[in-house]
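Quick note on numbering: the sequence shown equals residues -14 to 127 in my numbering. Heads up, the beta-carbon is just placed ideally off N, CA and C, and yes, glycines get one too. The structure presented is a predicted model; accordingly, all values stated were derived computationally and were not measured. One structure is given below, encoded as structure tokens.
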Amino acid sequence: MMTTAPACRSVWTGLRVPVAVGVVGLGSAALLRLRDPHSSGSYGFCPFQSITGQPCPGCGGLRAVNDLTHGDVAGAVSSNAMAVALVLALAGLWIVWVVRRLRGEQQAAMVTLSTRAALVILPVVAVFGMLRVTPWGSWLAP
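Quick look at the structure:
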């Protein structure tokens, strides 16, 4: 009869890190909802943009998350489409991580990228970053 207490303790032990990551993610989203990044310099300035005058692939990401917290998906996509995709991907990966931990996979990581995945993701980020500063990709600029 006392076997449930260790099982519950084991489940909680496996969920500590995913819960902490979830709290940090929600806390960050709450901060971005409360302190509007649409005001110039409210979170500092992008060093890449300050030096080159061009937006980096991450420029507009804070504004995109702020727009998402207000339910403005179109505004979020216009601020940084890649950031919106990243938020959705990370939320999905976090859910899968929690489910795997609940199933007993105590060493399951949230994200494990293979070399092949990195060789796909890095060029996509680079192309996005370059495309958004060209006339053809001006609709991607923040």
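Alpha carbon of residue i to alpha carbon of residue j, nearest angstrom
i: residue 7; j: residue 48; result: 20 angstroms
i: residue -1; j: residue 89; result: 8 angstroms
i: residue 74; j: residue 58; result: 15 angstroms
i: residue 10; j: residue 64; result: 20 angstroms
i: residue 1; j: residue 15; result: 21 angstroms
Proximity to residue i [Cα-Cα], best of the options
i: residue 37; options: 122, 123, 124, 118; result: 118
i: residue 12; options: 50, 25, 39, 40; result: 50
i: residue 155; options: 93, 87, 43, 82; result: Residue 155 is absent from the structure shown; the chain starts at -14 and stops at 127.
Check whether residue i and residue j have beta carbons under 9 angstroms apart
i: residue 3; j: residue 79; result: yes
i: residue 18; j: residue 54; result: yes
i: residue 33; j: residue 40; result: yes
i: residue 70; j: residue 82; result: no
i: residue 68; j: residue 76; result: no
i: residue 45; j: residue 127; result: yes
Range covered by the alpha helix (DSSP H) that runs through residue i
i: residue 63; result: 58 to 87
i: residue 103; result: 100 to 116
i: residue 32; result: 32 to 37
i: residue 53; result: 46 to 54
Backbone secondary structure at residue i - three-state DSSP
i: residue 29; result: strand
i: residue -13; result: Interpretation of residue -13 is limited by its pLDDT of 48, a score under 50 that renders its predicted location unreliable; no figure is taken from the coordinates.
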